[in-house]
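Residue numbers (our numbering): 72 to 518. The beta-carbon is built from N, C-alpha and C at its ideal position, and this holds for glycine as well. Model, not experiment: these values are computed from the prediction. Okay, so here's the structure we're looking at.
Written out as structure tokens, the structure is:
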């Protein structure tokens, strides 16, 4: 972050009050992590459910902080050279981020959805990277804290911005999407994710579609017409651009060994670095967003064919003895079903290593049981399961007459056997679980 503004402008953008300091002095950067504050930095303390970083104000003074942006009632003595008081540090951070975004007349894209949003963001970053420097959020900087920090990275060197928006409760997308004010919004799909917090898929749908209200004037909403929930938007007053397999989609998806996308009477063949079937939809979403902003198919094709796949998201690893598909960053019923379907396209023998699908709340047992029943007719030759919530899947699988299952509450019980199979058996192994299960450990040290 390097805003290069004066203190008076900063104070106004924050909606704060300058208590101490020279309004004409220069400002460039601040930190929200007290441990990273260097001499001259400003410190902006944030509050979470179990912490309040205002407690670290004195330690940043000792580290040489040049200023504080803090809530008035929590400012201790002594103070640094500059002090800006605000009512709420998070809201002020968001105000500053919105102010910074509006300084630049460059295309901004926001991506959300239950599955595929990170990959779609990376595809778009690659496409727009062929035209210039693109700003985007890294890792999990996609919430009410991370997105504003990402927007504050925008500067004069960027020619575009691509940002992922996450949500775990109603109103989240409206809150952070309005900061980004995207020229194009993308909704990849709607599914049973984070149900522990949302309560229903209808609530997921209503939250994700808040993105439509966040668009800049004249902005377009790209969405998946094959998704039963998102198809409802066809009847809404939305300036949309759709993708899907059906003839009604603006950009049609023709999956096969390679991806073909059709638009306005022309067909484009695209060879993806990670040619999994669900990535065809992610690529179609990215292509639609790029077309909505006037990017040529030549650049779209180049961007999609050179994007860097994210680790642990249907990551295909070619080991000496076997192929491993590592998809252990996230898991919900839809992504689990898609990954298992994908396994059937790979050489036998096919082995599954599955862990809990987290954050399903009261729906967890039912969705895990549904998974277990479906596995009876899957292409898997052997299945390993671990995790307390996977017990429902194991029970349903066995009750339906399934064969070849090993279940344990903890993967440590079968880890040695699984690793030996990967090293000696050959074939294809799918590793799929929610991030907290840490299933990537299964292949640590294997080559």
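Under a three-way DSSP split, which group does residue i fall into?
i, result
"residue 488", "helix"
"residue 227", "coil"
"residue 215", "coil"
"residue 398", "strand"
"residue 125", "helix"
"residue 393", "coil"
"residue 146", "coil"
"residue 469", "helix"
"residue 333", "strand"
"residue 313", "strand"
"residue 403", "coil"
"residue 240", "coil"
"residue 379", "coil"
"residue 73", "coil"
"residue 384", "coil"
"residue 493", "helix"
"residue 33", "Not covered by the structure: residue 33. The range shown for the chain is 72 to 518."
"residue 141", "strand"
"residue 415", "coil"
"residue 476", "strand"
"residue 428", "coil"
"residue 374", "helix"
"residue 340", "strand"
Near residue i, which residues of its chain fall below 8 angstroms by C-beta distance, leaving aside the five closest residues on each side in sequence?
i, result
"residue 486", "512 and 513"
"residue 197", "374, 375, 377, 378 and 379"
"residue 306", "none"
"residue 413", "347, 348, 349, 385, 396 and 501"
Pick from the options: whose alpha carbon is nearest that of residue i?
i, options, result
"residue 97", "89, 116 and 79", "79"
"residue 471", "493, 440 and 488", "440"
"residue 139", "130, 155, 148 and 223", "155"
"residue 465", "436, 248 and 332", "436"
"residue 391", "84, 133, 499 and 207", "499"
"residue 449", "416, 431, 458 and 389", "416"
"residue 515", "428, 383 and 413", "383"
"residue 95", "339, 444, 252 and 81", "81"
"residue 131", "142, 119 and 111", "111"
"residue 300", "260, 182 and 493", "260"
"residue 385", "460, 350, 126 and 207", "350"
"residue 124", "312, 105, 303 and 363", "105"
"residue 275", "266, 282 and 283", "266"
"residue 43", "157, 304 and 427", "With the chain covering only 72 through 518, there is no way to say anything about residue 43."
"residue 164", "177, 149, 87 and 147", "87"
"residue 484", "463, 494, 256 and 458", "458"
"residue 172", "146, 224 and 141", "224"
"residue 133", "185, 113 and 245", "113"
"residue 311", "289, 353, 381 and 204", "289"
Give the straight-line distance between the Cα atoms of residue i and residue j, rounded to the nearest whole angstrom.
i, j, result
"residue 480", "residue 408", "22 angstroms"
"residue 433", "residue 402", "16 angstroms"
"residue 497", "residue 317", "38 angstroms"
"residue 192", "residue 234", "7 angstroms"
"residue 218", "residue 247", "7 angstroms"
"residue 117", "residue 229", "27 angstroms"
"residue 396", "residue 504", "12 angstroms"
"residue 369", "residue 292", "22 angstroms"
"residue 103", "residue 216", "10 angstroms"
"residue 212", "residue 314", "27 angstroms"
"residue 109", "residue 122", "22 angstroms"
"residue 207", "residue 201", "14 angstroms"
"residue 158", "residue 249", "20 angstroms"
"residue 463", "residue 406", "18 angstroms"
"residue 357", "residue 135", "44 angstroms"
"residue 243", "residue 176", "25 angstroms"
"residue 286", "residue 75", "27 angstroms"
"residue 195", "residue 361", "7 angstroms"
"residue 444", "residue 410", "16 angstroms"
Apart from the five residues on each side of it in sequence, which residues of its chain come closer than 7 angstroms, Cβ to Cβ, to residue i?
i, result
"residue 92", "78, 138, 152, 153 and 154"
"residue 452", "419, 420, 421, 422 and 475"
"residue 73", "99, 100 and 226"
"residue 319", "296"
CB-CB under 6 angstroms to residue i, same chain, minus the five flanking residues each way: which ones, in chain order?
i, result
"residue 167", "84 and 85"
"residue 438", "404 and 431"
"residue 502", "397, 399, 424, 510 and 513"
"residue 67", "Nothing in the structure corresponds to residue 67, since the chain is present only between 72 and 518."
"residue 309", "283 and 292"
Using a C-beta cutoff of 8 angstroms, does residue i count as contacting chain D?
i, result
"residue 491", "Annotation note: the requested chain D is absent from the structure, which comprises a single protein chain."
(message) So within the region 158 to 209, which uninterrupted beta strand (DSSP E) runs reach at least 3 residues, ignoring any that extend past its ends?
(response) 179 to 183 and 205 to 207
(request) List in chain order: all unbroken beta strand (DSSP E) runs of 3+ residues lying wholly within the region 76 to 139. (result) 88 to 91
(request) Jot down the residue ranges of each uninterrupted alpha helix (DSSP H) in the region 246 to 290, minimum 4 residues, whole runs only, in chain order. (result) 266 to 269 and 272 to 279
(message) Suppose only complete runs of 3+ residues qualify. What are the beta strand (DSSP E) ranges in the region 439 to 468, listed by chain order?
(response) 453 to 457
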